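Residue numbers (the working numbering), protein chains in the order written: chain A, 80 to 284; chain B, 549 to 897; chain C, 82 to 402. Quick reminder that beta carbons are idealized off the backbone N, C-alpha and C, glycines included. Small disclaimer: the values here were computed from a predicted structure and weren't measured.
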Amino acid sequence: MNSELEGTIRSRPVYGTLEPREGSGHLMVADGEGAGAIVDLVAGAGAGAADMLARTQIIYIPGPNGTDQSDRLRALNAWSFFRANDYATAQPRLRKVLGDAHMGLQIYLSGTEGLIGQAQRDAIEAGLPHSAVQTEFRGSTVRRVQCVHCKGITENVRTDPFKCSHCGLNLFVRDHYSRRHAAFQGVNIDAEDPGHVPPAVERFK
Amino acid sequence: MGLDFFKQETFRDDYTFRNSPEAIRRFPFPFAEDSYMYSVNMEPHVAGPKGSVFEHMFDVDEHYLSEMRDRAMVLRDDPLRCQSLPHMTLAGWDLLELIMESKARDYPDWFELHKTGNRWTWINRPMEIEQTFTFLNESTLPHGPMEYITRQTQGDFTLQDQRDNNLWIDAGMVTTQADWSLDFDIGMGFHEWHAPVPHAHQMGVFDRALKFLLKLQLGAPVRRFNWTMTVDPILDTSPETYPKWGPSKATLTLDNIGHRQHLRVELQSLHRLPRSNAIAFPIRAYLIKFEELVTMPKWARRLHRVVRDVHPDLATYKGFLRNRDLMVQYLSQFDDGKPTSPGWWPEPE
Amino acid sequence: MSNGTARIPVTVAEVLEVNELIKRFRFVRTGGGHLPTFSGGSHVVVEMNDQGTRRLNPYSLMSDPADTSSYTISVRRDDMGRGGSLFMHRQVTPGMQMQIGPPVNLFPLDLRGRKHLMIAGGIGITPFMAMTAQLDARGERFELHYAARSRALGAYMDFLETRYGDRVHLYVDEEGQAIDLAGLLSRQPIGTHLYVCGPKPMLNWVLSTARKMGWPDGAVHSEEFLGAPVGKRFQVELAAAKKTITVEGNQSLLEAIEAAGVEAPYLCRGGACGQCETDVLHCDGHIEHNDHWLTAEQKASGTKIMTCVSRFEGKRLVVDR
Chain A
80 MNSELEGTIR SRPVYGTLEP REGSGHLMVA DGEGAGAIVD LVAGAGAGAA
130 DMLARTQIIY IPGPNGTDQS DRLRALNAWS FFRANDYATA QPRLRKVLGD
180 AHMGLQIYLS GTEGLIGQAQ RDAIEAGLPH SAVQTEFRGS TVRRVQCVHC
230 KGITENVRTD PFKCSHCGLN LFVRDHYSRR HAAFQGVNID AEDPGHVPPA
280 VERFK
Chain B
549 MGLDFFKQET FRDDYTFRNS PEAIRRFPFP FAEDSYMYSV NMEPHVAGPK
599 GSVFEHMFDV DEHYLSEMRD RAMVLRDDPL RCQSLPHMTL AGWDLLELIM
649 ESKARDYPDW FELHKTGNRW TWINRPMEIE QTFTFLNEST LPHGPMEYIT
699 RQTQGDFTLQ DQRDNNLWID AGMVTTQADW SLDFDIGMGF HEWHAPVPHA
749 HQMGVFDRAL KFLLKLQLGA PVRRFNWTMT VDPILDTSPE TYPKWGPSKA
799 TLTLDNIGHR QHLRVELQSL HRLPRSNAIA FPIRAYLIKF EELVTMPKWA
849 RRLHRVVRDV HPDLATYKGF LRNRDLMVQY LSQFDDGKPT SPGWWPEPE
Chain C
82 MSNGTARIPV TVAEVLEVNE LIKRFRFVRT GGGHLPTFSG GSHVVVEMND
132 QGTRRLNPYS LMSDPADTSS YTISVRRDDM GRGGSLFMHR QVTPGMQMQI
182 GPPVNLFPLD LRGRKHLMIA GGIGITPFMA MTAQLDARGE RFELHYAARS
232 RALGAYMDFL ETRYGDRVHL YVDEEGQAID LAGLLSRQPI GTHLYVCGPK
282 PMLNWVLSTA RKMGWPDGAV HSEEFLGAPV GKRFQVELAA AKKTITVEGN
332 QSLLEAIEAA GVEAPYLCRG GACGQCETDV LHCDGHIEHN DHWLTAEQKA
382 SGTKIMTCVS RFEGKRLVVD R
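(1) So, is the C-beta of B:Arg560 closer than 7 Å to a C-beta in chain A?
(2) Check the Cβ of A:Pro277 against every Cβ in chain B and list those closer than 9 Å, keeping chain order.
(3) On the DSSP letters alone, give me the boundaries of the beta strand (DSSP E) that A:Phe251 sits inside.
(4) Any C-beta of chain B within less than 7 Å: which residues of the region 294–313 of chain C qualify?
(5) Got a sec? Which residues, its chain only, sit under 6 Å from C:Arg136 by beta carbon, not counting five neighbours each side?
(6) Is the Cβ of A:Pro92 closer than 7 Å to any Cβ of chain B?
(7) Could you pull the start and end residues of the beta strand (DSSP E) that A:His105 belongs to?
(8) For A:Gln199 and A:Arg258, which I take to be in contact (beta-carbon distance under 8 Å), what is that distance rounded to the nearest angstrom?
(9) Assign B:Asn567 to one of two classes, buried (16 or more other C-beta atoms within 10 Å of its C-beta) or exposed (fewer than that).
(10) Return the bridge partner residues of A:His245 from the DSSP annotation.
(11) Looking only at its own chain, which residues have a Cβ that is under 8 Å from the Cβ of B:Asp642, when we skip the five neighbours before and after it?
(12) With a threshold of 8 Å on Cβ separation, who are the neighbours of C:Lys385 within its own chain once the five nearest residues in sequence on each side are excluded?
(13) Mind checking the region 336–361 of chain C against chain B and listing, in chain order, the residues whose C-beta falls within less than 9 Å of any C-beta there?
(14) Quick check on the burial criterion: 16 or more other C-beta atoms within 10 angstroms. Buried or exposed for C:Ile154?
(15) Rounded to the nearest angstrom, what separates C:Asp372 and C:Tyr237 at their Cα positions?
(16) Could you check whether the Cβ of C:Gln269 sits closer than 7 Å to any Cβ belonging to chain A?
(17) Checking 7 Å against the spacing of the C-beta atoms, do C:Val93 and C:Val173 come in under that value?
(18) Please confirm if A:Glu101 has its CB atom under 7 Å from at least one CB of chain B.
(19) DSSP three-state call for B:Ile805: helix, strand or coil?
(20) Please look up how many angstroms separate the CB atoms of A:Leu184 and A:Ile195, rounded, as I've assumed it's under 8 Å.
(21) Are the C-beta of A:Asp272 and some C-beta of chain B separated by less than 7 Å?
(22) In this structure, how does DSSP classify B:Asp712 when only helix, strand and coil are distinguished?
(23) Which residues of chain C have a Cβ atom closer than 7 Å to the Cβ of A:Pro208, listed in chain order?
(24) Going by other Cβ atoms of all chains shown within 10 Å of its Cβ, with 16 needed for buried, is C:Val50 buried or exposed?
(25) So, helix, strand or coil for A:Gly95, using DSSP?
(26) State yes or no: is the beta carbon of A:His228 nearer than 7 Å to at least one beta carbon in chain B?
(27) Do you know offhand how far B:Trp741's Cα is from C:Phe240's?
(28) Quick check: what's the CA-CA separation for C:Tyr245 versus C:Thr273?
(29) Please identify the residue among C:Ile204, C:Ser289, C:Val249, C:Leu192 whose C-alpha is closest to the C-alpha of C:Glu221.
(30) Hey, C:Gly182 and C:Arg88 are a contact pair by Cβ (cut 8 Å); roughly how many whole angstroms apart?
(31) Could you please give the first and the last residue of the uninterrupted alpha helix (DSSP H) stretch that includes C:Asp417?
(32) Which residue comes first and which comes last in the beta strand (DSSP E) that contains A:Arg162?
(33) Count the other C-beta atoms from every protein chain shown that fall within 10 angstroms of the C-beta of A:Met80, then say buried if there are 16 or more, exposed otherwise.
(34) Mind checking if C:Phe119 is an interface residue toward chain B, Cβ cutoff 7 Å exclusive?
(35) Which class does A:Leu84 belong to by DSSP, given the choice of helix, strand or coil?
(36) So does the region 593–609 of chain B actually touch the region 646–665 of chain B, counting three or more Cβ pairs closer than 8 Å?
Below, the structure written as structure tokens:
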């Protein structure tokens with residue numbers, strides 16, 4: 080596992096490896112390199128793969144680094160496949176699928192933390208316990224960060240510290256993570272000594 | 549006591565907050581010995597000596613009205629400081645009942661609660677409130693039940709839902725906090741919202757505390773202390789407003805530290821709630837200026853030793869590492885090296 | 082922790098023979114006044130003085146949580162048990178003074194539930210009596226499926242049907258009716274929470290079916306009160322108290338520790354909550370682990386015992402009490 084993703088504090092999410100589980104249906108949501116985790120998941124189902132795919136819906140979004148592996152997922156011939164350019168576009172469809180679903184639906188999320196966190200949040204809002212969702216990290220380690228001061232979210236943060244894309248404050252990136260915001264916390268780094276901002280280091284790629 | 553007991557003071561701008569000699573004498577000094585490290589320091593929240601902050605379930609002191617005015621201003625500027633996830637409304641009613649019954653019982657001159665079935669009338673004389681409402685009917689109060697009663701009660705409050713052998717911080721009124729964000733932390737599990745605390749996880753403090761709290765029983769509340777340091781008497785030291793209050797830390801000098809540096813003590817208690825099975829967690833903050841605190845020689849000696857010897861990681865987490873040397877320099881004037889007696893009571897000399 | 086809590090003195094206000102196996106008891110506070118408010122799913126521990134033997138048995142509160150003027154429990158007679166239920170059936174009469182512990186909830190509703198699906202078997206109906214009353218009062222969505230051996234043993238079928246209409250579904254075994262569990266579990270909307278209380282085979286059936294159908298553990302809740310099983314007499318050394326005590330065949334280890342005047346923690350007295358977990362310092366023999374608390378690994382290690390339900394057979398057992 081990428082060293083950036085190793086558990087540092089207890090609020091920082093940890094991710095597993097997707098594995099096929101019995102259920103009434105299967106919903107898979109992935110971005111970027113997360114497509115590979117879905118392909119591996121289906122391969123892991125062995126003889127049960129065809130039956131699983133017949134009850135599987137896949138939603139896919141290219142990664143923040145531009146990786147687009149839609150072809151690999153489309154080739155699985157799942158019951159349905161949908162590609163969106165970004166999460167905001169995929170979200171209404173995801174919410175509709177969750178709203179129509181029954182208990183027993185299995186949810187598999189893979190790719191970047193931003194995608195996993197946001198899709199998990201939608202599953203929780205639909206009424207599922209967060210532990211019911213399987214996750215696997217793949218691809219870019221860029222972070223989704225909420226500015227604790229102005230509440231604005233900056234997507235795809237690469238450096239620490241960085242400038243809030245909403246209020247312009249210089250923020251350092253904590254490992255403290257909120258499932259409800261699907262974001263890490265950004266805190267003003269030069270609040271006590273305005274203007275004393277250490278050089279930005281590229282921590283997330 | 550009459551209503552003139554309550555002082556008019558500010559926790560912002562001109563900072564007129566100060567403690568009367570009586571408030572100093574009853575201040576909940578949190579150190580029972582000359583050193584400090586985390587522990588699961590919980591004890592039953594039972595009535596303490598008359599006049600102490602433990603005398604009643606919810607202490608109402610001379611700062612009551614000023615604190616409530618400050619809370620209203622914080623909420624006006626940022627309503628997200630009070631949030632309750634939808635399933636926590638019942639716990640909010642539980643809290644409202646607990647506070648109203650306690651205050652009406654403990655302070656009959658100031659608060660009254662009259663019940664005719666579910667038709668309740670609440671009288672809060674200091675705040676000049678009289679409200680008739682239907683218990684468990686949200687549409688009969690101007691705010692949700694938790695917000696309604698905590699706009700009239702000193703201290704922050706969180707409500708923890710108990711599920712899956714864990715506690716989830718799913719509601720809260722947080723305007724007098726030691727630098728943590730309800731808006732960010734709401735919905736987290738016990739270990740998650742404590743995640744930033746250094747050392748305590750490795751010591752197993754949170755595992756033991758959680759195990760203990762999951763078994764917390766109805767009618768048997770417990771309490772503990774926590775503490776930190778705050779420059780100027782600011783109740784609302786939130787992460788949200790850190791750019792506003794952070795710079796003050798860089799302005800302390802040996803001349804002004806006695807007046808501007810405050811020890812901030814949280815008297816935290818935990819109560820099992822009856823209808824929701826949730827746990828209420830009042831976090832009551834008390835502020836005392838260093839110059840007020842050193843009027844008690846035992847406290848002065850002990851605080852000097854605690855601040856001098858506390859682990860740098862804790863000083864960093866509590867946000868006072870940069871001023872620690874200055875604090876030690878100031879406090880050392882009041883430490884003649886004499887031994888201190890165990891326990892936290894003041895012993896004036 | 083538990084034994085430090087104040088007991089509540091109560092008077093038996095009413096004893097009702099519901100059917101050949103079940104009696105219902107209503108308690109009011111001795112000297113008047115309200116009892117503590119509780120949440121649906123809570124139990125109280127009822128203290129009995131059975132000819133000098135002190136018995137403490139947990140029973141689910143089945144009355145409406147909104148009504149704190151009295152508490153109601155139902156007790157199913159267990160002719161093979163240690164004697165608590167027999168005492169309740171034979172000795173407890175209206176007007177009697179008893180003591181109960183404060184309500185404790187180890188089977189709470191998950192209030193996030195968009196819908197609450199409850200499955201009860203036999204006497205397992207009691208916690209659901211309180212839960213349905215609580216949910217109904219708050220306008221929450223629920224559905225109750227209740228199975229009993231015979232119509233006569235389906236103690237509260239009529240009451241529930243009258244009160245909740247088609248939100249309640251009844252199944253009588255001897256009339257060949259059975260819950261279509263797979264069908265039921267396949268139709269539940271996302272956000273449904275499942276609760277089950279009843280005899281062990283039913284519990285296992287519901288839990289394993291739900292798991293097989295992909296229900297997440299966090300949405301499935303169950304309660305099984307084990308009566309502490311009877312067994313053979315055995316001896317235990319209490320290391321801290323420096324006492325050796327004998328546990329009679331119809332006594333639990335916890336009861337024997339208490340009878341020896343040694344303080345010991347407990348909450349559920351049914352092997353579920355973990356509160357009475359006790360370190361085993363020496364074990365030369367076999368511990369019969371009857372609890373749901375310890376992991377299989379812990380049970381195999383022989384270093385822990387749950388005093389409320391577990392027993393011992395062998396040469397020597399030393400525990401840290």
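To lay it out plainly:
(1) no
(2) By Cβ distance, chain B contributes nothing, its closest Cβ being about 16 Å from A:Pro277, past 9 Å.
(3) 249–257
(4) Gly299
(5) Met129, Gly165
(6) no
(7) 104–110
(8) 7 Å
(9) buried
(10) Looking at the DSSP assignment, A:His245 forms no beta bridge with any residue, so it has no partner.
(11) Leu821, Pro822, Arg823, Ser824, Ala826, Ala828
(12) Glu358, Thr359, Asp360, Val361, Leu375, Gln379
(13) Pro346, Leu348, Cys354, Gly355, Gln356
(14) buried
(15) 29 Å
(16) yes
(17) yes
(18) no
(19) helix
(20) Between A:Ile195 and A:Leu184 the Cβ distance is about 17 Å, and since that is not below 8 Å, they are no contact.
(21) yes
(22) coil
(23) Pro297, Gly299, Ala300
(24) Outside the modelled stretch of chain C, which goes from 82 to 402, sits residue 50 of chain C, for which no answer is possible.
(25) coil
(26) yes
(27) 45 Å
(28) 19 Å
(29) C:Leu192
(30) 6 Å
(31) Given that chain C is displayed from residue 82 to residue 402, the structure contains no residue 417 of chain C and the question cannot be resolved.
(32) 159–162
(33) In this prediction, A:Met80 scores a pLDDT of 37, lower than 50, which makes its location untrustworthy; no coordinate-derived value is stated.
(34) yes
(35) Reliability fails at A:Leu84, whose pLDDT of 48 lies under 50, so the model's placement of it is uncertain and the value that follows must be treated cautiously. Of the three classes helix, strand and coil, the one that applies to A:Leu84 here is helix, per DSSP.
(36) yes
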